Every structure is written in C-alpha cells, then in structure tokens.
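To start, the structure itself, in structure tokens.
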Amino acid sequence: DTAVSQTPKYLVTQMGNDKSIKCEQNLGHDTMYWYKQDSKKFLKIMFSYNNKELIINETVPNRFSPKSPDKAHLNLHINSLELGDSAVYFCASSQGRDPTDTQYFGPGTRLTVL
Amino acid sequence: EDQVTQSPEALRLQEGESSSLNCSYTVSGLRGLFWYRQDPGKGPEFLFTLYSAGEEKEKERLKATLTKKESFLHITAPKPEDSATYLCAVQAVGSNYKLTFGKGTLLTVNP
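Read top to bottom, the protein sequences are chains A and B. For the first sequence, position 69 matches number 410 in this note's numbering, and the numbering has no gaps at all. For the second sequence, position 28 matches number 68 in this note's numbering, and the numbering has no gaps at all.
Shown next, in the form of structure tokens:
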C-alpha cells in the first residue's frame, strides 16, 4: 500500500492553462504539505494544512490554491500556468501532533509548462 | 531567516571508503534537524531526526551527529546502493511545521 500518493506523476501543459495535482495519504495523519523542488533540486515548502486548516502559506503566487476536502486529501490547483512553474511538486504528510513529527513524502509530480 | 548549507555538493566514493557529509545551519532556535535520502525520480525518504547538540543516531551504515552549528552524516563502508542525494532540513522554534531544506549532497558510491 502506498502511504502518500500523488496523481498524475507527469503533467505536461501549455502556458496559461489551469491544472490540478491530487494527493492522498492513507496513514491517518492530520497534517499535509505541498513542496516545490526546482531544477536545482532545492526543496521548498509552499503550503501546509492541519485538520483541513491552512497553517503554512509561504510566499507563493496566488495562482496556486491548495484545497483540502478532508484530512486524507490535499489538492493543488494552479491557474494561468507560467514557464517558471515547471518543477517537481511533492506532497507530504505527518502525524501532526508535534511539529517535529516525521514528514512522509509522496513520489512527486513533474510539471512541465511549455 | 533560517538557513541550511550542505557540503560538499557532490561526493564520489569507492565502495568501502568511509566519509562524512556536512550540514551547517542558522536558526533562531532549533527544534529539530532532519536527514532525508532522495533517489532519482522519487520523493525524499526519512532517515533521522536530531533534537539537541550531542545527540547521535545510527541506522545500518549511517550515523548522524549534531552540534550547535552543524550536523554530520557519517557513512561507514558505503555500498553502491547508498548512492543518492542526502538532504538536511531544520525546523526552527516558532516556525510551526515548516522545514527548511538544504540543497543536498549527491553521493555516488562506485563498486
């Protein structure tokens, strides 16, 4: 069983389009995250939800909007895609009872904007 | 602002040749320091969490240590399957659940 899963694994799209990435965790965790890993492999936090409440919202363009329909799912919607949005996006989850709880990462979604 | 610097950027070892990776950090107050391993095309895989200076943790050929300014990941007698990018991250007091990552060290172990 995959603990943290993401769909799709690859996403190729044109500039200006709107796209969504889905994330699901079956670990029973309360906290979920979205990270962006750029071409230089630098991994940076974007958003985090704890029990469906937004707790981290880094300096990210408002074209990016996370949505958490329930504790097990955290989706990322991106409007008006730009070339600079090309990156690998990782979802992660943690138990959420303590900030230092281990974060478990999904396999990533490679987004390519043409 | 929290900062994490990892060195070297890349390291090539022969199988069995022990070495260490460095992670230097600057935070207002450290809540935890984390080591992850990332294989190509995959998500980071958790290795260790260290909480205070002097703490050490071991797993197979890996040993992580922590001081007030840096952490080391010691690799003893590495094997080719240890080849990966090793990521260090810190969590600062008051940063909620946020992890700040370094850029990683790409380790290649040749047979």
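By construction, the Cβ of each residue, glycine as well, lies at the ideal position given by its N, Cα and C atoms. Since the model is a prediction, treat every value here as computed from it, not as a measurement.
- Residues of the stretch 380-392 of chain A with a Cβ closer than 9 Å to any Cβ of chain B, in chain order: LYS381, LYS382, PHE383, LEU384, LYS385, ILE386, SER389 and ASN391.
- Interface with chain B (7 Å Cβ-Cβ cutoff): PRO440(A) is included.
- By alpha-carbon distance to ASN403(A), the top candidate from ASP359(A), PRO349(A), THR343(A) and ALA413(A) is ASP359(A).
- For ARG52(B), DSSP records a beta bridge to THR148(B).
- Under DSSP, the beta-bridge partners assigned to TYR374(A) are SER389(A) and ALA433(A).
- The continuous beta strand (DSSP E) containing SER361(A) extends over residues 360-366.
- Your pair SER409(A) and LEU417(A) does not check out as a contact, with CB atoms roughly 10 Å apart and the cut at 8 Å.
- The stretch 52-60 of chain B makes contact with the stretch 117-134 of chain B; the number of CB pairs closer than 8 Å reaches 3 or more.
- Shown here, PRO448(A) sits in coil according to DSSP, grouped into three states, outside any helix or strand.
- Taking 7 Å as the CB threshold, GLY144(B) lines the interface with chain A.
- Taking the Cβ atoms as the reference, VAL44(B) lies roughly 5 Å from TYR65(B), within the contact range of under 8 Å.
- Straight-line measurement puts the Cα of PRO440(A) at about 11 Å from the Cα of SER389(A).
- With its beta carbon at least 7 Å from every one in chain A, TYR65(B) lies outside the interface.
- Beta-bridge partners of PRO407(A) (DSSP): LEU417(A).
- When 9 Å is used as the limit between beta carbons, GLN444(A) is near these residues of chain B: PHE74, TYR76, PRO84, PHE86, ALA129, TYR137 and LEU139, in chain order.
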